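Residues -19 to -1, 1 to 95 in mature numbering (1 follows the signal peptide of the UniProt record, and there is no 0) are what the sequence shown lists, from first letter to last.
Virtual Cβ for every residue (Gly too), placed ideally from N, Cα, C.
Please read all numbers here as calculations on a predicted model, not as lab measurements.
Below is one structure, written out as structure tokens, with a few remarks after it.
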Amino acid sequence: MLRIALVVALLASSCGAYALGNNDLVQLNLRGARQQVQQQPDLVELLQPAHQARLWQEDAVQELVWQQQRRQFSQERYRQEVFLEQQRHKDTRRIEEERQRGIMIQREQTPLFQ
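See the structure below:
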């Protein structure tokens, strides 16, 4: 931020010097502005490690979210499988009971000795 303010001040000074016809001051200010740009790292460069760390943290959080979603999906799928298996057992028992009941009814209706 300071670098930007300094460069703007040097450029403003150059504009004033140019309006007054002072080329030496214009050249001096432009040279100073160029040196400022070259000497001080760009704000983006300064923020890059923090930005990279934030991106890594966001990636880690996203990975944790995905793991949690996969875990929840797996648990839900397991519950559904258990429920379906219980239903199959109930249906099998019910069908077997109905079959046995049908056999008993058929035996009751059929005379023992023909």
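Item checked: DSSP-derived helix/strand/coil call for Thr73 -> helix
Item checked: Under the three-state DSSP convention, the category Pro30 falls into -> helix
Next item on the list: Check Leu65 in the structure and name its three-state DSSP category.
Entry: helix
Item checked: Buried versus exposed, by CB contacts within 10 Å (16 or more), Ala14 -> buried
Check: Between Gln68 and Arg80, what straight-line distance do the alpha-carbon atoms span, to the nearest angstrom?
Finding: Roughly 18 Å between the two C-alpha positions.
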